[in-house]
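Novice: This is the structure I want to talk about, given as structure tokens.
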Amino acid sequence: MNRRYALSLSGALLASSCMTVLVAVPVARAQQASTAVTSTAASPAAAPRQILLQQARFWLQQQQYDNARQALQNAQRIAPDAPDVLEVEGEYQAAVGNREAAADTLRHLQQVAPASTAVSNLSDLLSERAISQSDLSQIRSLAGSGQNAQAVAGYQKLFHGGKPPRSLAVEYYQTMAGVPTQWDQARAGLAGIVASNPQNYRAQLAFAQALTYNTSTRMEGLTRLKDLQSFQSQAPVEAAAATQSYRQTLSWLPVNPDTQPLMEQWLSAHPNDAALREHMLHPPGGPPDKAGLARQAGYQQLNAGRLSAAEQSFQSALQINSHDADSLGGMGLVSMRQGDTAEAHRYFEEAMAADPKTADRWRPALAGMAVSGDYAAVRQLIAAHQYTEAKQKLATLARQPGQYTGATLMLADLQRSTGQVAAAEQEYRGILSREPNNQLALMGLARVDMAQGNTAEARQLLSRVSPQYASQVGEIEVSGLMAAASQTSDSARKVSILREAMAQAPRDPWVRINLANALQQQGDVAEAGRVMQPILANPVTAQDRQAGILYTYGSGNDAMTRQLLAGLSPADYSPAIRSIAEEMEIKQDLASRLSMVSNPVPLIREALSQPDPTGARGVAVADLFRQRGDMVHARMALRIASTRTIDLSPDQRLSYATEYMKISNPVAAARLLAPLGDGTGSGAGNALLPEQMQTLQQLRMGISVAQSDLLNQRGDQAQAYDHLAPALQADPEATSPKLALARLYNGHGKPGKALEIDLAVLRHNPQDLDARQAAVQAAVNSNHNSLATRLAMDGVQESPMDARAWLAMAVADQADGHGQRTIEDLRRAYDLRLQQVEGTRAASGPVGAHEEALAPPSTNPFQSRGYGHQVELGAPVTGGSYSAEAASPDTSDQMLSSIAGQIHTLRENLAPSIDGGLGFRSRSGEHGMGRLTEANIPIVGRLPLQAGASALTFSITPTMIWSGQLNTGSVYDVPRYGTFMATQAANQCAGHSSCGGLDFLSANHTQRIAAGAGEAGFAPDVQFGNSWVRADVCASPIGFPITNVLGGVEFSPRVGPVTFRVSAERRSITNSVLSYGGLRDPNYNSEVGRYARQVYGHDLTKQWGSEWGGVVTNHFHGQVEATLGNTILYGGGGYAIQTGKNVQRNSEREAGIGANTLVWHNANMLVRIGVSLTYFGYAHNEDFYTYGQGGYFSPQSYYAATVPVRYAGQHKRLDWDVTGSVGYQVFHEHAAPFFPTSSLLQSGANYVASNFVQNALPTDYLSQETVNSAYYPGDSIAGLTGGFNARVGYRFTRNVRLDLSGRYQKAGNWTESGAMISAHYLIMDQ
């Protein structure tokens, strides 16, 4: 924070009045209001309306708008169209920011009372609201630096030559009083304000002080100051300021019979005032009596315009005391009025040299003799950031007679403020070569030396500065420390330097806020809050409030920011404070209106339709949505704000870029900052102010780090390093780029190198807990668990009250498998962080090796020797799961939320659990064959291991399946099941000789055909899993005709953003009752079966059994997945072998690629969309139900392209996840024999099929309608495919959760649907 923003009214003339009266004392103010009302009511001419309006105006001055509105409404009930009522109504509307309503009120007032003073008063007020605040701030800076003549000229230009607005009148005339030639006008102006409103204690104080500046009215001023001291209860602040001014004026008085009683009276009340006693014993300038009288007469004559008489009186005084500063100054005033500029200049210089303590009184007069138009032009150039032109103008002015010192001082100050330190130093030294004791040049050169780190030289210069500048000298010494702190990126050194500065200036709010910011950069939020607590809890000065506002605003505490703003006068708004105030106002107004609309876009456009010269408005709107977690509308607001104007100002670019960084969009931020160039004005863009330059550098470093992290998470470490390299080279001491470099190595699969860098940073600054956390994580990643534990324990010992130390300890403990200890660490971190947050809210209410590790690589260590590719940056990076993707900045503390989430997740991972459910599944197909209905009741128990990093799961699942009854009346279905073709043939030719060997069957003794039944059993399973390996051993349901031992193992190591999956598993194919549980052939023990085995003997027995089916797939699969920001890419392939009991052996090959990306999300919801390409093919088509077939979908080629869309979200205890897909499929199936495992059965089928009779009678073989071939025909089909899968869950308690799920799928030649209800119970304490 540049001190230029800190001191808006810091001049000697304003310091004792304007600054001090800004301190709010609520009780005293209430008493003051009461007194004002009482005194007014006591007047018999005072109407109730006037009393109410006076109350309203008082509360408006205190910014208590609710009270002001109530008083105004009461007055409106009495006389709604009275001019004074309309005037105050317009004042109220302007104060709350409703400019359009105020303008309407003015128009109404002009109609009601066009000639009233209320019209001109309200018009002046609205004109004041249109005044450029940046120009006003520049003018106040001039006044604060003692350049009163230039300040007055600036005011007059601001007022377009008219009278000042009422709210600016006091400071305007007070500044004018510091210009001797305009003192009469200033006195008259202040007198008029006091006469019109005697209760304006600020004006009373300013008037009294102005009177003391002139010897002819000094006694009157003393009397008024003494009277003001009696208003301790009504106006305690002004009374205290009056006391200080009274004492200062006593030191200006000569010691004579008239003044001595006043001094003695003061000493009786202040016996320790040694300076005044010394003044009385040894008054400056010799015998005071005659000289004082002559001097007093001279000023009286000067004020009356009698220049000759005044000159004679001043010369008389100088003959008595030639070093009388007041008389010398009087002669200067006389000479100036006579037009003798050179003589006036000489007298003023002699006056300042005679009494340096009062030199500031004459310096404005010297400046006033300059060409005011030229200086005004310079100020305009500076305000427009046209520094080159301003410097050229000042250089020209410096060559004019008598203007060298003033113009050169202004030039040097400008050069210093714009970073041209060497040029400023040369100019200061040039002044000192002519005027060795020029106090301003000495202090200016000292500031330059302090900024360059030449502390010894600066202090030598400051030793030559007069004692009256002791406070300025102290500020320069402190500013030197602050400059030294700003020049180092070593956070530990910065904190150390700023602590030294705070020891020298404990009440300086700017030292405190710089220290607090440095501590926050180290992550020590608690200590930062303790540093700021004194000025946040009890802000005494306007600067306290200014610093507090900046701190609370930066901390995101909008409520406290508004509270501090309420106690700060708008006159003390710096540009930064004014931007914050505007932002708070915009946020508050927009937030109140958002609750009434469903679509915020019109409100966003309306809010951004007004001019936004500083960027505060765009930031306010975007930040409101950011705090609410609505990143979509936050980005929209910034996009609208940053594109409304083609030529954005530096303030707008810096403001919008800062907000873009808050919403994790460094690319947009970088794009906005590009036109600023390097900020020096040498290339693109104009030269920036120092504070703007500092912000630009910080933003660019943050952008480099953020873009590097984005690309790192997307797996492109080479390009990430290219973004990071400039930051590493620009500031070798900066910590954040080094830690980002470590993250690059970690993402590149080199955790050892990452650990080396983290440890080097940590050795350089052992107090850096961010570096310690990174080092602990890197040690764990590189399997150095003992090192991680040691680092974490050191951090806890050094910073036991910092949450980050315990977070690092939690990482180390979890890596060692200490689950409960990890939870304790996290709980301690949570408690500490909570204390920090609540505390802030309450207050707001050996070297070589090290250097090698620290130094950035000379070349890109991540650049591949092959081709490279560019990644388009933009959206914020999030992970693959909903919780990560939907996460966004929240109004609550992010660290607290993160820790709470870790605790909750870890407690769940550590807690044993029991799950139970009821599920149903239905698959299409013919009754008794392909149709499948399944019901299961899974019961699952989970036992966590290794601090929740692994788990052992036991389950048993009772399962029932059935296919329905085979349609025995269908001549088409029967021969296609088991070996019923033979039975059907036998039945049709029973008793006929033409049937050959089947004549043992009589016509009245056919074989019964029946098939299709249910199966039941239970499936056991034991699983083990962790983050990179999963394995299980299980079985298909025991109780089914065929039970298989199953299981599998999957390895999924992750290297950076890439995950490799390799699996081998043996699983049941659950397409049908046949493939899942197997079937028993009803013919095996029938008469036909026995007859056939008798005829064919052992040959048939080897090819035909009583059961077939129970197919398992032995699957081997490999896949690569890459997470690139919001997008996941994957591709893989595999091979499988299918086997079953008495089933033809089969094989499968498969391949697939796909991608999905996050297209929308907010704090609680997300939408992902993707594309998937799938291929698989089997060697044999076994999708049939005759003996030897497998009963599962097995095309010889299958291709599908689908588009899946996923929508997931949560609201309080409810969460949901819905995925739908639609696509197109093409598959081809070859013809298949009825009996692929039995040549005998197949030859029989061939015989039957080849001997069918066209239009056969029942006595004939199977007809063509029944079967015309012993082969199932092949087929090629194309069509749509798709489906959905939905789940909704509700957590009743921390332990109990209920889930409902449903699904539907259409693929291949089948459809399948399913539903399940399940309950999850965690065995842990509430």
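Residue numbers (mature numbering (1 follows the signal peptide of the UniProt record, and there is no 0)): -30 to -1, 1 to 1296. Idealized CB from N, CA, C, for every residue including glycine.
Along the alpha helix (DSSP H) that carries residue 755, what are the first and last residues, could you check?
Specialist: What you label residue 755 is simply residue 785 of the sequence shown in a count that begins at 1. Residues 755 to 768.
Novice: Does DSSP put residue 984 in a helix, a strand or coil?
Specialist: Here the question's residue 984 lines up with position 1014 in the sequence shown. It is a strand residue.
Novice: To test your reading of the DSSP string, which unbroken beta strand (DSSP E) runs of 3 or more residues are found completely within the segment 1002 to 1061?
Specialist: As far as the segment 1002 to 1061 is concerned, its whole beta strand (DSSP E) runs of at least 3 residues are 1015 to 1021, 1028 to 1038.
Novice: Keeping to the same chain, check which residues put their C-beta closer than 6 Å to that of residue 1175; ignore five residues upstream and five downstream.
Specialist: Counting from one through the sequence shown, the residue named residue 1175 turns up at place 1205. The answer, listed in chain order, is 1139, 1190.
Novice: Comparing C-alpha positions only, which one of 801, 1141, 676, 1087 sits nearest to residue 1097?
Specialist: Translated into positions along the sequence shown, residue 1097 becomes position 1127. Looking at the Cα atoms, 1141 is the closest of the given residues.
Novice: Inspect the beta-carbon positions of residue 1316 and residue 750 and report whether they are closer than 9 Å.
Specialist: Limits of the chain in this structure are -30 at one end and 1296 at the other, which puts residue 1316 out of reach.
Novice: Quick one: what's got a C-beta closer than 6 Å to residue 586's C-beta in the same chain, skipping five residues either side?
Specialist: Counting from one through the sequence shown, the residue named residue 586 turns up at place 616. Within the same chain, residue 586 has close Cβ partners 549, 552, 553.
Novice: Would you kindly work out how many angstroms separate the C-alpha atoms of residue 1339 and residue 299, rounded to a whole number?
Specialist: Here the chain has residues from -30 to 1296 only, and residue 1339 is not among them.
Novice: Assuming residue 26 and residue 62 form a contact by the criterion Cβ under 8 Å, report the distance between their Cβ atoms to the nearest whole angstrom.
Specialist: Here residue 26 corresponds to residue number 56 of the sequence shown, with the count starting at 1. Here residue 62 corresponds to residue number 92 of the sequence shown, with the count starting at 1. Confirmed, about 7 Å.
Novice: Three or more C-beta pairs closer than 8 Å, one from the segment 565 to 579 and one from the segment 527 to 546: is that the case here?
Specialist: No: the two stretches stay apart, fewer than three of their Cβ pairs being nearer than 8 Å.
Novice: Under the rule that 16 or more other beta-carbon atoms within 10 Å means buried, what is residue 1290, buried or exposed?
Specialist: Taking the sequence shown and counting its residues from 1, one reaches residue 1290 at position 1320. The residue is buried, with at least 16 neighbouring Cβ atoms inside 10 Å.
Novice: Skipping 5 residues on each side, what residues in its chain have a beta carbon closer than 7 Å to that of residue 746?
Specialist: Taking the sequence shown and counting its residues from 1, one reaches residue 746 at position 776. Here the set comprises 758, 761, 762, 778, 781, 782.
Novice: What do you get for residue 1183, buried or exposed, if any count of 16 or more other CB atoms within 10 angstroms of its CB means buried?
Specialist: Position 1213 of the sequence shown holds residue 1183. Counting Cβ neighbours within 10 Å, residue 1183 comes out exposed, since fewer than 16 surround it.
Novice: Going by alpha carbons, who is nearest to residue 1152 out of 1204, 1178, 1144?
Specialist: One-based indexing of the sequence shown puts residue 1152 at position 1182. Minimum Cα distance to residue 1152 is reached at 1204.
Novice: Name the residue from 1294, 430, 94, 643 whose alpha carbon lies nearest to the alpha carbon of residue 875.
Specialist: By one-based count along the sequence shown, residue 875 stands at place 905. Checking every option, the nearest Cα to that of residue 875 belongs to 1294.
Novice: Going residue by residue through the segment 522 to 606, where are the continuous alpha helix (DSSP H) segments of at least 4 residues, counting only ones entirely within it?
Specialist: List check, alpha helix (DSSP H) in window: 528 to 536, 545 to 564, 571 to 577, 586 to 597.
Novice: Please state whether DSSP places residue 1292 in a helix, a strand or coil.
Specialist: If you number the sequence shown from 1, residue 1292 lands on position 1322. Residue state, collapsed to three classes: strand.
Novice: Verify whether the separation of the beta carbon atoms of residue 1251 and residue 1193 is less than 9 Å.
Specialist: Within the sequence shown, residue 1251 is the residue found at index 1281, counting from 1. Within the sequence shown, residue 1193 is the residue found at index 1223, counting from 1. Yes, the Cβ-Cβ distance between residue 1251 and residue 1193 is below 9 Å.
Novice: Residue 678: buried (16+ other C-beta within 10 angstroms of its C-beta) or exposed?
Specialist: Taking the sequence shown and counting its residues from 1, one reaches residue 678 at position 708. So residue 678 counts as buried.
Novice: Tell me the residue span of the beta strand (DSSP E) that contains residue 1174.
Specialist: Here the question's residue 1174 lines up with position 1204 in the sequence shown. Where residue 1174 is concerned, the enclosing beta strand (DSSP E) stretches over 1167 to 1181.
Novice: Considering only C-alpha positions, which residue in the set 1195, 637, 1000, 547 is nearest to residue 107?
Specialist: Translated into positions along the sequence shown, residue 107 becomes position 137. Taking only the C-alpha atoms, the option nearest residue 107 is 547.
Novice: Give every residue of the same chain whose Cβ lies closer than 7 Å to the Cβ of residue 122, excluding the five residues on either side of it in the sequence, and list them in chain order.
Specialist: Working through the sequence shown from its first residue, we reach residue 122 at position 152. If we look at residue 122 and ignore the five residues flanking it on each side, its Cβ neighbours are 145, 146, 149, 152.
Novice: Indicate the three-state DSSP secondary structure (helix, strand or coil) for residue 1084 in the structure shown.
Specialist: Looking up residue 1084 in the sequence shown gives position 1114. DSSP places residue 1084 in strand when its eight states are reduced to three.
Novice: Give, in chain order, every unbroken run of the alpha helix (DSSP H) that is at least 4 residues long and sits entirely within the segment 46 to 102.
Specialist: Qualifying alpha helix (DSSP H) stretches, in chain order: 53 to 65, 69 to 82, 87 to 99.
Novice: Can you give, in chain order, each stretch of the beta strand (DSSP E) that sits fully within the segment 709 to 757 and has at least 3 residues?
Specialist: Counting only runs of 3 or more, we get nothing.
Novice: Taking residue 516 as the reference, give the member of 1276, 478, 312 with the closest Cα.
Specialist: Within the sequence shown, residue 516 is the residue found at index 546, counting from 1. For the residues 1276, 478, 312, the minimum Cα distance to residue 516 belongs to 478.
Novice: Just to confirm before moving on: does the CB-CB distance between residue 1042 and residue 899 stay below 9 Å?
Specialist: Along the sequence shown, read from residue 1 onward, the residue named residue 1042 stands at position 1072. Along the sequence shown, read from residue 1 onward, the residue named residue 899 stands at position 929. Going by C-beta atoms, residue 1042 is nearer than 9 Å to residue 899.
Novice: Any contact between the segment 686 to 702 and the segment 662 to 672? By contact I mean 3 or more CB pairs, one from each, below 8 Å.
Specialist: Yes, the segment 686 to 702 is in contact with the segment 662 to 672.
Novice: Using a Cβ-Cβ cut-off of 7 Å (strictly less than) and excluding sequence neighbours within five positions of residue 1003, which residues of its own chain qualify?
Specialist: The count along the sequence shown starts at 1 and reaches residue 1003 at position 1033. Cβ within range, chain order: 992, 1017.
Novice: In the DSSP assignment, what are the bridge partners of residue 928?
Specialist: On the sequence shown, residue 928 is found 958 positions in, with the first residue counted as 1. Beta-bridge pairing links residue 928 to 988.
Novice: Just checking my contact of residue 386 with residue 377 at CB under 8 Å: how many whole Å lie between their CB atoms?
Specialist: Against the sequence shown, residue 386 aligns to sequence position 416. Against the sequence shown, residue 377 aligns to sequence position 407. Their Cβ separation, rounded to whole angstroms, is 15 Å, which puts residue 386 and residue 377 out of contact at 8 Å.
Novice: Please determine, among 379, 315, 415, the residue with the shortest C-alpha to C-alpha distance to residue 371.
Specialist: Within the sequence shown, numbered from 1, the residue matching residue 371 stands at position 401. Residue 371 has its Cα closest to that of 315, out of 379, 315, 415.
Novice: Run through DSSP, which three-state label would residue 9 get?
Specialist: For this step, residue 9 is matched to residue 39 along the sequence shown. For residue 9, the pLDDT reaches just 36, beneath the cut-off of 50, and the residue's location in the model is therefore unreliable, although a value from the coordinates is still provided. Three-state DSSP puts residue 9 in a helix.
Novice: If you draw a straight line from the alpha carbon of residue -8 to that of residue 597, how long is it in whole angstroms?
Specialist: Here residue -8 corresponds to residue number 23 of the sequence shown, with the count starting at 1. Here residue 597 corresponds to residue number 627 of the sequence shown, with the count starting at 1. Only weak support is given to the placement of residue -8: the predicted model assigns it a pLDDT of 26, under 50, and the question is left unresolved by the model.
Novice: Report back the beta-carbon spacing between residue 1336 and residue 1179 to the nearest angstrom; my notes put them in contact at under 8 Å.
Specialist: Beyond the ends of the chain as shown, which are -30 and 1296, falls residue 1336; an answer cannot be given.
Novice: Is there contact between the segment 463 to 482 and the segment 442 to 451, where contact requires at least three CB pairs shorter than 8 Å?
Specialist: Yes, the segment 463 to 482 is in contact with the segment 442 to 451.
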